[in-house]
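Protein chains in written order, with my numbering: chain A, 1 to 107; chain F, 108 to 265.
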């Protein structure tokens, strides 16, 4: 594998990892149900996507790459559906949409 | 019939790509299973225009790269909010009327909103989208957005 592909791959993997850590941090730091769901969307939008892209470069033109793509497409369709279902369920169970912004955490 | 053939080829290609073995038995089994699944989805009536929107064609594919770019941009925006010591979140709810006409278009628009970090579609109907945003700016960005126009464009007529 050429050095350029290797560098690009690791840049994507590291960026994806960073998004995962930030998303996890956001889950802890943000207050209220809906702001926390935004943190989790950083995880699967930025984190999982970039890590998959980095792994794709590692895999090259192989069947493994196809499987990674399938995982990506699955996340692409399943994660917003799940997030929407979660939000809608929270709303139906009486979580208030508007007064969700509490004071920021001191941590 | 054409749709059934396309479905069969898609299933069979999926089988071959997932298995990676090219022995006669596995190739034959794949063909049999693909044909059976095509028959099942016809009987279950899930292979309709919504579940299998081939009519959108290639124009929809042009939307994906743009969406990936938007996802990365807003992932960075949300990361900035999370990492900022002051935690400048200003949760905001917006309500607006989407301009899509078809179910596929509405679902694509709503899913795109949710996929983009910082905005979340909470309630979806043809008359009204309720979108929650992590910041006031991100919520207001979802109203009459470029995303709305792009989805409406490739959705086309019925």
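For glycine and all other residues, C-beta sits at the position ideal for the given N, C-alpha and C.
Taking 8 Å as the CB-CB limit, is residue 133 of chain F close to chain A?
-> Taking the second chain and counting its residues from 1, the one referred to as residue 133 of chain F is at position 26. Residue 133 of chain F does not count as touching chain A.
From the DSSP output, which residues share a beta bridge with residue 230 of chain F?
-> Numbered from 1 along the second chain, position 123 holds the residue referred to as residue 230 of chain F. BP columns for residue 230 of chain F point to F:237.
Taking residue 25 of chain A as the query, report the chain F residues whose CB atoms sit under 7 Å from its CB, ordered along the chain.
-> The count along the first chain starts at 1 and reaches residue 25 of chain A at position 25. Simply 189.
Flag residue 264 of chain F as yes if its beta-carbon sits less than 8 Å from any beta-carbon of chain A, otherwise no.
-> The residue given as residue 264 of chain F occupies position 157 in the second chain. Bear in mind that a pLDDT of 48 at residue 264 of chain F, under 50, signals an unreliable position, so the number given afterwards is only what the model happens to contain. No, residue 264 of chain F does not count as interfacial toward chain A.
Just mark residue 132 of chain F as buried or exposed, buried being the case when its beta carbon has 16 or more other beta carbons within 10 Å.
-> Position 25 of the second chain, counted from the start, is the residue given in the question as residue 132 of chain F. So residue 132 of chain F counts as exposed.
Skipping 5 residues on each side, what residues in its chain have a beta carbon closer than 8 Å to that of residue 11 of chain A?
-> The count along the first chain starts at 1 and reaches residue 11 of chain A at position 11. So the qualifying residues of the chain are 54.
Please list the segments of the beta strand (DSSP E) lying wholly inside the region 159-205 of chain F, counting only runs of 3 or more residues, in order along the chain.
-> List check, beta strand (DSSP E) in window: 199-203.
Quick one: residues in its chain with C-beta nearer than 6 Å to the C-beta of residue 15 of chain A, no 5 flanking neighbours on either side, listed in chain order?
-> Position 15 of the first chain, counted from the first residue, corresponds to residue 15 of chain A. A distance below 6 Å between beta-carbons, with the five flanking residues on each side excluded, links residue 15 of chain A to the following residues of its chain, in chain order: 50.
Cα-Cα separation, residue 105 of chain F to residue 35 of chain A | The structure shown does not extend to residue 105 of chain F, since chain F spans only 108 to 265, so no value can be given for it.
Between residue 208 of chain F and the rest of its own chain, which residues show a CB-CB distance below 6 Å, the 5 nearest in sequence each way excluded?
-> Taking the second chain and counting its residues from 1, one reaches residue 208 of chain F at position 101. Excluding positions up to five away in sequence, the list is empty.
Below 7 Å between beta carbons is the criterion; list the residues of the region 7-26 of chain A that meet it against any residue of chain F, in chain order.
-> Look at the region 7-26 of chain A: the residues with a C-beta under 7 Å from a C-beta of chain F are 19, 22, 25 and 26.
Under the three-state reduction of DSSP, which class applies to residue 76 of chain A: helix, strand or coil?
-> The sequence position of residue 76 of chain A within the first chain is 76, counting from 1. Helix, per DSSP.
Bounding residues of the alpha helix (DSSP H) (the contiguous stretch that carries residue 37 of chain A) | In the first chain, counting from the first residue as 1, residue 37 of chain A sits at position 37. 33-42 is the extent of the alpha helix (DSSP H) around residue 37 of chain A.
Could you check if residue 151 of chain F is buried or exposed, using at least 16 other CB atoms within 10 Å of its CB as the buried criterion?
-> For the purposes of this step, residue 151 of chain F is taken as the residue at position 44 of the second chain. That one is exposed.
Of the residues that make up the region 59-85 of chain A, which ones have a beta carbon closer than 8 Å to any beta carbon in chain F?
-> Correct list: 63, 66, 67, 70, 76, 77, 79, 80, 81, 83 and 84.
C-alpha distance - residue 97 of chain A paired with residue 239 of chain F, whole-angstrom precision = On the first chain, position 97 is the one that residue 97 of chain A refers to. On the second chain, position 132 is the one that residue 239 of chain F refers to. Pairing residue 97 of chain A with residue 239 of chain F, the inter-Cα distance amounts to about 8 Å.
In three-state DSSP terms, what is residue 146 of chain F?
-> For the purposes of this step, residue 146 of chain F is taken as residue 39 along the second chain, with counting starting at 1. DSSP, reduced to helix, strand and coil, places residue 146 of chain F within a helical segment of the structure shown.
Please classify residue 231 of chain F: is it buried, with 16 or more other beta-carbons within 10 angstroms of its beta-carbon, or exposed?
-> As a working mapping, residue 231 of chain F is identified with position 124 in the second chain. Its Cβ being crowded by 16 or more others within 10 Å, residue 231 of chain F is buried.
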